[in-house]
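Structure record follows, encoded as structure tokens.
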Amino acid sequence: MELLRRKEPLTLPIRVLQFGEGNFLRCFVDDLIQRMNREAGFGGAVRIVQPLPQGMGEAINAQGGVYHCVLRGVADGRAVETIERIDCVEGCLNPAREWDRVLATALLPELRFVFSNTTEAGIEYRAGADTFPAKVARLVAARAAAGLPGLIFIPCELIEHNGTTLRECVLRYLEKDSAAAAYVERECVFCNTLVDRIVAGYPRDEAPAYWRKLGVEDRLLVCGEPFFFFVIEGPEVVRREFPADRSGLPVVFTDDQTPYRTRKVRLLNGAHTASALGAHLAGLTFVDEMVRDARFGAFLRQVLFDEILPTVPLPEAEKRAYAESVLERFANPYAHHRLLSIALNSVSKWRVRVLPSLLDYRKMFGRLPPGLTRSMAFLVEFYTRCEANDAAEVLTFFRNGPSLESVLGRSDFWGMDLNAVPGFAAAVRKELER
Numbered sequence: 010m011e012l013l014r015r016k017e018p019l020t021l022p023i024r025v026l027q028f029g030e031g032n033f034l035r036c037f038v039d040d041l042i043q044r045m046n047r048e049a050g051f052g053g054a055v056r057i058v059q060p061l062p063q064g065m066g067e068a069i070n071a072q073g074g075v076y077h078c079v080l081r082g083v084a085d086g087r088a089v090e091t092i093e094r095i096d097c098v099e100g101c102l103n104p105a106r107e108w109d110r111v112l113a114t115a116l117l118p119e120l121r122f123v124f125s126n127t128t129e130a131g132i133e134y135r136a137g138a139d140t141f142p143a144k145v146a147r148l149v150a151a152r153a154a155a156g157l158p159g160l161i162f163i164p165c166e167l168i169e170h171n172g173t174t175l176r177e178c179v180l181r182y183l184e185k186d187s188a189a190a191a192y193v194e195r196e197c198v199f200c201n202t203l204v205d206r207i208v209a210g211y212p213r214d215e216a217p218a219y220w221r222k223l224g225v226e227d228r229l230l231v232c233g234e235p236f237f238f239f240v241i242e243g244p245e246v247v248r249r250e251f252p253a254d255r256s257g258l259p260v261v262f263t264d265d266q267t268p269y270r271t272r273k274v275r276l277l278n279g280a281h282t283a284s285a286l287g288a289h290l291a292g293l294t295f296v297d298e299m300v301r302d303a304r305f306g307a308f309l310r311q312v313l314f315d316e317i318l319p320t321v322p323l324p325e326a327e328k329r330a331y332a333e334s335v336l337e338r339f340a341n342p343y344a345h346h347r348l349l350s351i352a353l354n355s356v357s358k359w360r361v362r363v364l365p366s367l368l369d370y371r372k373m374f375g376r377l378p379p380g381l382t383r384s385m386a387f388l389v390e391f392y393t394r395c396e397a398n399d400a401a402e403v404l405t406f407f408r409n410g411p412s413l414e415s416v417l418g419r420s421d422f423w424g425m426d427l428n429a430v431p432g433f434a435a436a437v438r439k440e441l442e443r
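If you read the sequence shown in my numbering, its first letter stands for residue 10, the second for the next number, and so on.
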């Protein structure tokens, strides 16, 4: 069967630079831009930057950036499926080999937006390290020197105040370049955002069937759920220039995304992270399988409704309805969302997605939430026994067989010494022994 390829050159101007070539951005941001081009006259193409030396860049370029997005789910008790051809992606650059082309892209006059998804660990300042913010600092410095207009940054990492944090990191890298720092503060916009769509990724078992249906071999095929929700916090200029709310997808522009973020990160992402590692250790493979499992289905409901829900500061009916929708989305039998996909970078995810609920629950009720406490035991056991996928520093630490106290004491992992939480170390130890 013929490999899917772009038949004619993409003539749209490069208006979006995207750091991240993984499944999520291709099924969320690029799907959105595809629809904006069609429905809102956005008229822009995406050029992707592969953040790491190894990735999907070669596969993307082999197909000329074209691929299909399959959205599958259940609505009113019936299976629904749509297949969207995404052809707004122009190609992918590897900065380890093509930094000059990345820099040239940043100097395009028509470039206006920068998207990213470098995981919760990606937006950080490390002196001397070539982090994502360090790359951004070099790009905006070059753009400032060229006298070009500033850029609008719309990061999709699931950290609180992701745009503000990215801006602060970039400015730290530019401490010795006052002109570039002034340009960032004067000309560039950094939006805080919230993204919400479960993306399962490449449907390896079903790919041949889809190829037959499409008539071509699409090695970049990506599957996600139909549900979509995007919150963008920023000035009015963002809404004017990036008409996402006219794409046909649910997009909210606001001056405060905090309530939306708390609801989603705690109830959906927190429930994922709290349960996925334990379910994998128990021999399960997919999220919907976990929901149906007698033990882990009950565990998931416990952490979702009994432990996380009370900590979300929203009206009861609103947050309960969202929690019910989360459970329904997790049970989607067509998503094929692998537990190991959720397990990526679980240390930083646990800190952002689970720890705030655990601390708030203890403050509210004077005791530790048993399920969220057990999730730390799952994490320790997973990183000790399984081949985890995380930052090199994290993996090296766990390979050395650390004590539980040393794990909990890594303030750089958790943002605090978890040994200081009364009773937490003893409770986690008890779970590990059990």
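The beta-carbon is built from N, C-alpha and C at its ideal position, and this holds for glycine as well. All of these numbers come straight from a predicted model, not from anything done at the bench.
Taking His170 as part of the beta strand (DSSP E), name the residues at either end of that continuous run.
Position 161 of the sequence shown, counting from 1, holds the residue named residue 170. Segment: none, His170 is in no beta strand (DSSP E) and carries neither H nor E.
In the structure shown, what three-state DSSP assignment does Ser125 receive?
Here residue 125 is taken as the residue at index 116 of the sequence shown, counted from 1. Of the three classes helix, strand and coil, the one that applies to Ser125 here is strand, per DSSP.
Backbone CA spacing between Cys178 and Asn103 [nearest angstrom]
The residue you call residue 178 lines up with position 169 of the sequence shown. The residue you call residue 103 lines up with position 94 of the sequence shown. One C-alpha to the other measures close to 22 Å.
What is the DSSP secondary structure of Arg14, reduced to helix, strand or coil?
For this step, residue 14 is matched to residue 5 along the sequence shown. Here Arg14 sits in coil by DSSP.
Minimum C-alpha distance to Ile57 - residue among Arg15, Ala191, Val79 and Arg110:
Walking along the sequence shown from the start, residue 57 turns up at place 48. Measuring from the Cα of Ile57, the nearest candidate turns out to be Arg110.
Three-state secondary structure (DSSP) at Gln72?
Looking up residue 72 in the sequence shown gives position 63. Correct three-state label for Gln72: coil.
To test your reading of the DSSP string, which unbroken alpha helix (DSSP H) runs of 4 or more residues are found completely within the stretch 339-426?
348-351, 355-362, 364-374, 379-394, 401-408, 413-417 and 420-423
Looking at Gly279 and Ile317, is the spacing between their C-beta atoms short of 8 Å?
Sequence index remark: in the sequence shown, residue 317 carries index 308 (1-based). Sequence index remark: in the sequence shown, residue 279 carries index 270 (1-based). For Ile317 and Gly279, yes; Cβs fall inside 8 Å.
Just mark Leu353 as buried or exposed, buried being the case when its beta carbon has 16 or more other beta carbons within 10 Å.
As a working note, residue 353 is residue 344 in the sequence shown. It counts as exposed.
I want to know whether the stretch 302-322 touches the stretch 372-389 - three or more CB-CB distances under 8 Å.
yes
Report buried or exposed for Ser420, applying the criterion of at least 16 other Cβ atoms within 10 angstroms of its Cβ.
On the sequence shown, position 411 is the one that residue 420 refers to. Under this definition Ser420 is an exposed residue.
C-alpha gap between Asp139 and Ser187, whole angstroms
One-based indexing of the sequence shown puts residue 139 at position 130. One-based indexing of the sequence shown puts residue 187 at position 178. In a straight line, the C-alpha of Asp139 is about 20 Å away from that of Ser187.
Using DSSP's beta-bridge definition, name the partner residues of Thr267.
As a position in the sequence shown, residue 267 is number 258, starting the count at 1. Answer by DSSP bridge pairing: none, since Thr267 is not bridged.
Tell me the start and end of each unbroken alpha helix (DSSP H) in the stretch 234-290 that is at least 4 residues and wholly inside, in chain order.
245-250, 267-273 and 279-290
Between the C-alpha atoms of Ser256 and Glu48, what's the straight-line distance to the nearest angstrom?
Position 247 of the sequence shown, counting from 1, holds the residue named residue 256. Position 39 of the sequence shown, counting from 1, holds the residue named residue 48. If I take the Cα positions, the gap works out to 5 Å.
Residues near His346 by beta carbon distance below 7 Å, same chain, minus five either side:
Working through the sequence shown from its first residue, we reach residue 346 at position 337. For His346, where only same-chain residues beyond five positions count, the Cβ hits under 7 Å are Ile207, Ala209, Phe295 and Val296.
By a C-beta neighbour count over all protein chains shown, 10 Å radius and 16 as the cutoff for buried, is Lys439 buried or exposed?
Here residue 439 refers to the residue found at position 430 when the sequence shown is read from its first residue. Counting Cβ neighbours within 10 Å, Lys439 comes out exposed, since fewer than 16 surround it.
Can you tell me whether Ala49 is helix, strand or coil according to DSSP?
Taking the first residue of the sequence shown as 1, we reach residue 49 at position 40. Three-state DSSP puts Ala49 in coil, outside helix and strand.
Pair within 8 Å by beta-carbon distance, Arg14 and Gly73:
Here residue 14 is taken as the residue at index 5 of the sequence shown, counted from 1. Here residue 73 is taken as the residue at index 64 of the sequence shown, counted from 1. It is a contact, given that the beta carbons lie within the stated cut-off.
Simplified DSSP state of Gly66, which is helix, strand or coil
Your numbering for residue 66 matches position 57 in the sequence shown. If DSSP states are grouped into helix, strand and coil, Gly66 belongs with the helices.
Would you say Ser366 reaches chain C, if we count a Cβ-Cβ gap shorter than 8 Å as a contact?
Within the model displayed, chain C is absent; a lone protein chain is all it includes.
Do the CB positions of Val225 and Val193 come within less than 8 Å of each other?
Translated into positions along the sequence shown, residue 225 becomes position 216. Translated into positions along the sequence shown, residue 193 becomes position 184. No, they are not a contact pair.
Taking all protein chains shown into account, decide if Gln27 is buried (16 or more other Cβ within 10 angstroms of its Cβ) or exposed.
Here residue 27 corresponds to residue number 18 of the sequence shown, with the count starting at 1. With 16 or more other Cβ atoms within 10 Å, it is buried.
In whole angstroms, give me the CA-to-CA distance for Arg248 and Val416.
If you number the sequence shown from 1, residue 248 lands on position 239. If you number the sequence shown from 1, residue 416 lands on position 407. Rounded to the nearest angstrom, the two C-alpha atoms are 44 Å apart.
Please determine, among Gly64, Pro259, Pro268 and Lys328, the residue with the shortest C-alpha to C-alpha distance to Arg106.
Here residue 106 corresponds to residue number 97 of the sequence shown, with the count starting at 1. Among Gly64, Pro259, Pro268 and Lys328, the Cα nearest to that of Arg106 is on Gly64.
Run through DSSP, which three-state label would Ala138 get?
The sequence position of residue 138 within the sequence shown is 129, counting from 1. Here Ala138 sits in coil by DSSP.
Counted within 10 angstroms of its Cβ, other Cβ atoms place Leu444 as buried (16 or more) or exposed:
It is not possible to answer for residue 444, since the shown part of the chain is limited to 10 through 443.
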